[in-house]
Amino acid sequence: ELVSQGREKRSSCDSTCPKVVGVFVDEGPYLPLCFLGVLIAGFTICPFDPLETESRLSKMLAHTRPLVVILKDGSTARRVQQAAAAAGIRPPAVLLVSQLLPLDVEPSPVQREEVKSKEVEEGERISHIYFTSGSTGFPKGCVVGETALLRYCRARNEVFEFSSSSSCLLASPHTFDPCLGDIFSTWMAGGVLCVASKRTILSSLGKCLQEFRASHLLTTPTLFLSLHGSLGPADLQDLRVVALGGESMRQSLVEEWGEEVLLLNVYGV
Numbered sequence: 001e002l003v004s005q006g007r008e009k010r011s012s013c014d015s016t017c018p019k020v021v022g023v024f025v026d027e028g029p030y031l032p033l034c035f036l037g038v039l040i041a042g043f044t045i046c047p048f049d050p051l052e053t054e055s056r057l058s059k060m061l062a063h064t065r066p067l068v069v070i071l072k073d074g075s076t077a078r079r080v081q082q083a084a085a086a087a088g089i090r091p092p093a094v095l096l097v098s099q100l101l102p103l104d105v106e107p108s109p110v111q112r113e114e115v116k117s118k119e120v121e122e123g124e125r126i127s128h129i130y131f132t133s134g135s136t137g138f139p140k141g142c143v144v145g146e147t148a149l150l151r152y153c154r155a156r157n158e159v160f161e162f163s164s165s166s167s168c169l170l171a172s173p174h175t176f177d178p179c180l181g182d183i184f185s186t187w188m189a190g191g192v193l194c195v196a197s198k199r200t201i202l203s204s205l206g207k208c209l210q211e212f213r214a215s216h217l218l219t220t221p222t223l224f225l226s227l228h229g230s231l232g233p234a235d236l237q238d239l240r241v242v243a244l245g246g247e248s249m250r251q252s253l254v255e256e257w258g259e260e261v262l263l264l265n266v267y268g269v
């Protein structure tokens with residue numbers, strides 16, 4: 001359904017119109033399915049925080065001019081319309097994820113030849129756009145092509161020793177590119193992607209790792225430190241690789257986990 005909706009919206013715009021889909025779905029099983037569907041439909045992924053301020057959201061919409069936005073529910077639609085009006089752009093079409101991807105129905109098979117994009121055949125296509133925090137001023141959109149995404153996934157799986165027998169707990173916010181990297185590199189290797197709500201991950205990271213028996217985790221040192229005093233390496237024997245970024249890694253983490261798992265410092269990578 002997402003593929004057919006995407007095609008319909010693409011055909012209604014001219015050749016100079018950006019092929020961006022704004023994804024406001026920020027957690028749960030719908031999130032990775034939305035990312036995958038957007039690429040299959042021939043669009044570019046651009047994640048948005050559903051709680052983003054109107055000022056920042058309007059600037060991001062002005063620069064990406066999405067044709068379509070995918071929302072968890074209708075409550076965000078009004079904010080998107082107001083931000084688009086403030087940016088002076090045409091409001092994007094609104095699609096609710098529950099209508100596009102009902103999880104209680106049997107999916108229909110999609111033939112590979114049905115979703116080929118002429119744009120892909122003719123040259124490099126943009127896979128995703130991620131915005132910086134904007135702490136030094138205006139948030140900047142970082143544009144990444146499909147070739148770069150594929151190379152990243154291959155390199156990540158090699159460095160992280162990730163294979164079809166591995167499982168990755170998705171612990172990064174969807175507006176940070178490690179989230180997208182976790183999703184597509186896991187699927188590329190044929191591994192298992194473990195998904196929990198943001199609230200559950202923030203409050204019960206150790207329980208998530210235990211129940212999913214996750215072998216791989218990419219998160220921040222601060223969140224990983226939430227395990228201290230409750231769970232240690234002996235309690236998480238399935239956990240083999242921990243990659244920490246977004247901030248500097250504390251020496252205490254290295255001392256506790258450095259000899260028990262493959263501990264990777266990806267700060268700034």
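Quick note on the UniProt record's numbering: the sequence shown kicks off at 1 and runs consecutively. Every residue gets a Cβ at the ideal spot worked out from N, C-alpha and C, and that includes glycine.
For residue i, is the classification buried or exposed, using 16 other Cβ atoms within 10 angstroms of its Cβ as the cut-off for buried?
i, result
"P29", "exposed"
"E114", "Residue placement at E114 is flagged as unreliable, the pLDDT there being 39, under the threshold of 50; the coordinate-derived value follows with that caveat. Per the 10 Å Cβ criterion, exposed."
"S185", "buried"
"E124", "exposed"
What are the boundary residues of the alpha helix (DSSP H) that includes residue i?
i, result
"G206", "205–212"
"L100", "97–100"
"Y30", "30–40"
"T222", "221–224"
If you draw a straight line from the alpha carbon of residue i to that of residue j, how long is it in whole angstroms?
i, j, result
"G268", "C179", "15 Å"
"F138", "A87", "14 Å"
"V242", "D73", "34 Å"
"L100", "R78", "20 Å"
"L236", "A85", "50 Å"
"L170", "Q82", "31 Å"
"E259", "L67", "49 Å"
"R151", "D182", "13 Å"
"L96", "A234", "43 Å"
Skipping 5 residues on each side, what residues in its chain have a beta carbon closer than 8 Å to that of residue i?
i, result
"T64", "P18, V20, G22, C46, I129, G141"
"D26", "P47, D49, P50, K72, P173, H174, T175, K198"
DSSP state of residue i, grouped into three classes?
i, result
"V261", "coil"
"V25", "coil"
"Y130", "strand"
"I229", "Here the sequence assigns Gly to residue 229, which means Ile is not the residue at that position. Correct three-state label for G229: coil."
Given residue i, which residues of its chain have a CB within under 6 Å of its CB, disregarding the five upstream and five downstream residues?
i, result
"V192", "S167"
"T219", "A171"
"S215", "S166, S167, D238, R240"
With a threshold of 9 Å between beta-carbons, can residue i be considered close to chain C, or not?
i, result
"H63", "Looking for chain C here will not work: only one protein chain is present."
Starting from residue i, trace the beta strand (DSSP E) both ways and give me its first and last residue.
i, result
"V242", "241–244"
"residue 288", "Summary: the structure shown does not reach residue 288, with the chain confined to residues 1 through 269, and so no result is reported for it."
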